[in-house]
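Here the structure comes first, spelled out in structure tokens, and everything after it is commentary.
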Amino acid sequence: MEPGEADYAAAARSVLAVGTPAVVLQPLDAADVQAAVRFAVASGLTLSVRGGGHSFAGLGTNDGGVVIDLRNLAEVEVIDRERGIVHIGGGATWGEVAAGLSPYGLAISSGDTKSVGVGGLTLSGGIGWMVRKYGLALDGVVAARVVTADGELVRADDEENPELYWALRGGGGNFGVVTAFEFRAHRTRDVYFGAIEFPAEEASKILPGWADYLRNAPDELTSIVNFANPFAGGVDAPVQVMVAFAGDDERAAARAIDPIRRLGTVIRDDVTLKAYSDVLVDGGTPPAGIRFVARGAFVEETSVPDVLQILLEVGASERSPFISLRAVGGAASRVAEDATAYAYRQAELMFVTNTAGPEHVVDAARPALNAIWKRLAPHTSGAYANFLTTAAPEDVAAVYPPATHRRLAAVKRHYDPRNVFSGNHNVLPASNTTLE
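Quick note on this note's numbering: the sequence shown kicks off at 1 and runs consecutively.
Take a look at the structure:
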């Protein structure tokens, strides 16, 4: 698809970015992806790969280059029901996956939004609604089919191309186009899910109490706290505690969730049993001219009190960004630090600040936002690539600590020495490095 064609404008943009690529390719199968990659390499043009297109940094499109849009590779197939092994196309969305697996009583812990792509979320992490029970989305990947920079289709798993398999689980889109994943899904059809809200003035006791409780809460419970929401009153917005209990045992769910209810004065509680496929929300394209600035970091246990104190002060101030905290312990923390390229296993929390509005509003807010992050810097570590609006070298350094980065650079040298796949939080190929 090229400029001037009827559907070009829609195909050229991603959800959060408008691009003007020279051509948008929409392959129908893995062979088409191979041809698309070879075309992009031969053209010498910048290459972007798009799954769902939700990248905050707008990495699913470009100006003047080639976009490979995987939307047609969206199959969801149960390969082995007993073991929960499922085949998922690289262009599928999480809504399609949840709906496809629900009749089998299976689910995969994923992001929050139906239209988010499986590939983008998984390759950089996947902190979803059952992360404390089943780990990250990438922890469920048992194999992947990948088109590399030379146009070859390879399998990556524990036995075939094991270093590529390691790198794909956290290293983003640096190493090729994933045409299909094999996941180990979990036997979960229903979850207790919803929001428990407290008055804004109780934030100073809700947040520390929530963090203390989630530290040792049952793995079945995953939770997010949202506050200072500008769309719900800003500084006066209720403290919203979202909960997801993986399972349909009413008594077990109550035992897990009730300690949160007891943290303060409950002004809303809509927690109910839902099909997991109904938990994910619809996504949408923001109005023209609206920009988003998202930034996140990880917090280890010893720094939690300091970070919460700073965020509480920020959230009580006028023009505070929207603040969201996620508990990321449990199963995700019990995977060895070097088992995958996702590097922040020991974090207790991951939090995000979000600012949105017309360009002049976002630009005006930037100095105050930078000041907030300067205060937070001594108490936080790293960054979560899926919640970054930028992909500058300093962002790459935050996403991948030195040891992880060195290993990724070696894998990059082996599979993409010319850095064909640069439209990401880019890891440059190591010099004179070979895989052992």
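In this text, a Cβ means the ideal position worked out from N, Cα and C, and glycines have one as well.
If you compare alpha carbons, which of the options is closest to residue i?
| i | options | result |
| --- | --- | --- |
| Leu369 | Gly329, Ser317 and Phe39 | Ser317 |
| Asp306 | Pro321, His379, Phe183 and Gly315 | His379 |
| Phe193 | Val15, Val243 and Asn426 | Val243 |
| Glu5 | Val15, Ser14, Thr20 and Leu16 | Thr20 |
| Val411 | Leu47, Gly173 and Val191 | Gly173 |
| Val118 | Leu263, Gly171, Val178 and Tyr276 | Val178 |
| Leu349 | Ser223, Ser422 and Ala98 | Ser223 |
| Gly283 | Thr113, Val146 and Pro162 | Thr113 |
| Phe292 | Lys274, Leu164 and His360 | His360 |
| Val235 | Glu159, Leu312, Asp270 and Ala254 | Leu312 |
Which partner residues of residue i appear in the DSSP bridge assignment?
| i | result |
| --- | --- |
| Met242 | Ala195 and Ile224 |
| Ala297 | Phe351 |
| Arg184 | Ile85 |
| Arg156 | A quick correction: the sequence has Ala, not Arg, at residue 156. Ala144, per the DSSP bridge assignment. |
| Gly117 | Thr93 |
Output the distance between the C-alpha atoms of residue i and residue j, rounded to the nearest integer angstrom.
| i | j | result |
| --- | --- | --- |
| Thr272 | Ile196 | 11 Å |
| Ile79 | Tyr415 | 28 Å |
| Thr148 | Val49 | 12 Å |
| Thr61 | Ile323 | 28 Å |
| Gly65 | Ser55 | 17 Å |
| Gly126 | Pro367 | 30 Å |
| Glu82 | Pro3 | 48 Å |
| Ala42 | Val33 | 14 Å |
| Ile290 | Pro401 | 32 Å |
| Leu435 | Arg251 | Caution applies to Leu435, whose pLDDT of 43 falls short of 50 and renders its modelled position unreliable; the value that the coordinates give is listed next. Cα to Cα, the separation comes out at about 51 Å. |
| Arg132 | Asp7 | 41 Å |
| Ala232 | Val225 | 14 Å |
| Gly423 | Arg169 | 17 Å |
| Val241 | Ala228 | 13 Å |
| Asn216 | Glu300 | 14 Å |
| Val279 | Ile267 | 22 Å |
| Val142 | Ala365 | 43 Å |
| Gly264 | Ser320 | 23 Å |
| Thr433 | Gly53 | Residue placement at Thr433 cannot be trusted, given a pLDDT of 42 that sits under 50; what the coordinates show is reported in the next sentence. Answer to the nearest angstrom: the Cα atoms are 33 Å apart. |
| Gly209 | Asp139 | 29 Å |
| Phe421 | Asp212 | 42 Å |
| Ile88 | Ser204 | 43 Å |
Is it the case that the Cβ atoms of residue i and residue j are separated by a distance below 7 Å?
| i | j | result |
| --- | --- | --- |
| Arg413 | Ala385 | no |
| Asp219 | Gly330 | yes |
| Val335 | Gly296 | no |
| Thr302 | Ala343 | no |
| Asp167 | Ala391 | Looking at the sequence shown, residue 167 is not Asp but Ala. Result no, Cβ atoms of Ala167 and Ala391 do not sit closer than 7 Å. |
| Leu207 | Leu45 | no |
| Val86 | Ala180 | no |
| Ala383 | Ala398 | yes |
| Gly120 | Gly91 | no |
| Ala237 | Ala200 | yes |
| Ala341 | Gly135 | no |
| Ala438 | Val24 | Residue 438 lies beyond the range of the chain shown here (1 to 436); nothing can be said about it. |
| Val281 | Ala246 | no |
| Ala156 | Ala144 | yes |
Is any heavy atom of the ligand MG found at a distance shorter than 6 Å from the C-beta of residue i?
| i | result |
| --- | --- |
| Ala22 | In the structure on display, the ligand MG does not appear, and there are no ligands present to speak of. |
For the beta strand (DSSP E) containing residue i, list its first residue and its last residue.
| i | result |
| --- | --- |
| Leu47 | Leu47 to Arg50 |
| Phe231 | Segment: none, Phe231 is in no beta strand (DSSP E) and carries neither H nor E. |
| Leu437 | No answer is possible for residue 437: the residues shown for the chain start at 1 and end at 436. |
Note the first and the last residue of the continuous alpha helix (DSSP H) segment covering residue i.
| i | result |
| --- | --- |
| Ser204 | Ala203 to Arg215 |
| Ser43 | Ala30 to Ser43 |
| Val307 | Val304 to Gly315 |
| Leu164 | Pro162 to Leu168 |
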